[in-house]
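A.B. asks: Numbering (our numbering), first residue to last: 706 to 775.
After the C-alpha cells below, expect a handful of questions from me.
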C-alpha cells in the first residue's frame with residue numbers, strides 16, 4: 706500500500722479526495738479480510754489525512770488579525 710496523499714500544502718479538495726480513496730480502500734481491505742498490518746497502515750494514513758485536512762481548512766478560513774500601526 707502506497708501513501709495516497711501528499712499532505713504538504715495540499716488543498717482541502719485534494720485531501721477530501723484522498724480521504725475518500727482511503728475509506729474505499731479500507732472497505733475493500735475489510736471485505737477481503739486484509740491483514741492487520743495493512744488495515745493499521747490504512748488507519749494511520751486516514752488519521753494523517755484527516756489531520757492535514759483540518760489544518761488545510763484552518764489555513765484557508767482563519768481570519769488573520771489586523772495589526773495596528775504604531
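Virtual Cβ for every residue (Gly too), placed ideally from N, Cα, C.
All figures in this text were calculated on a predicted structure; none of them were measured in a lab.
1. Looking at the unbroken alpha helix (DSSP H) that takes in residue 761, where does it start and where does it end?
2. Whether or not the region 722 to 733 and the region 760 to 768 are in contact is what I'm after, with contact meaning three or more pairs of Cβ atoms, one per stretch, closer than 8 Å; do they touch?
3. With a CB to CB cut of under 8 Å and the five nearest residues on each side skipped, what residues in its chain are close to residue 728?
4. Please identify the residue among 730, 756, 737, 741 whose C-alpha is closest to the C-alpha of residue 717.
C.D. replies: Reading off the structure:
1. 741 to 766
2. no
3. 751
4. 756
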